[in-house]
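In UniProt numbering, the protein residues as written are 1 to 175. Reading through the C-alpha cells given below for one structure.
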C-alpha cells in the first residue's frame with residue numbers, strides 16, 4: 001500500500017515502482033475526531049483541564065466542535081489538500097486542474113495508478129531492487145529483511161485492525 005502520507009513521501013522519487021497487487025493513492029486530507037460526550041455522561045465521567053488560546057481544545061473528543069472550530073479545521077484541511085494536489089501534480093508531471101482524476105481520496109490498483117501516471121512501472125521487488133542498484137551505482141547491496149517476529153506482529157496488527165474495522169462498520173450499519 002502506497003497511500004496518503006506514504007504516497008506523499010514517495011512520489012518525489014525519480015521513479016516509482018509498485019507490485020501488481022499494490023494499492024496506490026488515497027490522495028486527500030482528513031481530520032476526524034469522535035464526540036464521546038454523551039458516553040462520558042452516561043458512565044459518570046467528567047473531564048477537566050486548563051488551556052490558553054481559543055483554539056487549543058480544537059478537535060477534542062469530549063464535546064461537539066464549535067462552529068468556528070469546524071470552520072477553522074475545514075479551512076486547514078482545504079489548504080493542506082490544495083498543497084497535496086499541487087505537489088502530486090508537480091512531482092508526477094500532471095495537470096492540477098485534473099485533480100478529480102487522481103486526488104479525490106480514491107485508492108487505485110497498480111494498473112490504474114500506472115494509467116493515471118501516479119507510478120512509473122509495475123514490477124517485482126527484485127526488479128525494483130535491481131533498478132535501484134543501477135540508479136545508485138551500488139555493486140552489491142545488502143537488503144534487510146523483516147524478522148519472523150516483525151512479520152508476525154505486522155500480520156497480527158493487520159488482522160486485529162481488520163476485525164475492529166469490520167465490527168465497527170457492522171455496528172454503524174445496525175443503527
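Cβ atoms here follow ideal geometry from the backbone N, Cα and C, with glycine treated the same way. These numbers come from a predicted model, not from an experiment.
- DSSP state of residue 174 mapped onto helix, strand, coil: Per-residue confidence for residue 174 stands at a pLDDT of 48, beneath the threshold of 50, marking its modelled position as unreliable; the derived number appears in the next sentence. The three-state secondary structure of residue 174, taken from DSSP, is helix.
- Query: Helix or strand or just coil, what does DSSP make of residue 142?
  - Reply: Residue 142 falls in the coil class under three-state DSSP.
- Under the three-state DSSP convention, the category residue 11 falls into: Coil at residue 11, not helix or strand.
- Exposure label - residue 43; buried when at least 16 CB within 10 Å: By the neighbour-count criterion, in which 16 or more other beta carbons inside 10 Å mark a residue as buried, residue 43 falls on the exposed side.
- Can you name, in chain order, every residue of its own chain whose Cβ lies under 6 Å from the Cβ of residue 50, other than the five neighbours on each side? Scanning its chain for C-beta atoms nearer than 6 Å, with the 5 sequence neighbours on each side dropped, one finds no residue around residue 50.
- Query: Between residue 141 and the rest of its own chain, which residues show a CB-CB distance below 8 Å, the 5 nearest in sequence each way excluded?
  - Reply: Taking C-beta separations shorter than 8 Å and ignoring five residues to either side along the sequence, the partners of residue 141 in its chain run 129, 132, 133, following chain order.
- Can you say whether residue 105 is buried or exposed, counting buried as having 16 or more other CB atoms within 10 angstroms of its CB? Exposed, because fewer than 16 other Cβ atoms sit within 10 Å of the Cβ of residue 105.
- Item | residue 33 (DSSP reduced to helix, strand or coil) | It is coil, neither helix nor strand.
- Message: With the cut-off set at 8 Å, would you say residue 101 and residue 116 are in Cβ contact?
- Response: Taking 8 Å as the cut-off, the beta carbon of residue 101 is found closer than this to the beta carbon of residue 116.
- Can you have a look at residue 118 and say buried or exposed, based on whether 16 or more other CB atoms are within 10 angstroms of its CB? Sixteen is the threshold: when 16 or more other Cβ atoms of the shown chains lie within 10 Å of the Cβ of residue 118, as they do, the residue is buried.
- Task: Spatial neighbours of residue 65 within its chain, please: CB distance less than 6 Å, with the 5 preceding and 5 following residues excluded, ordered by chain position.
- Result: Correct list: empty, nothing qualifies.
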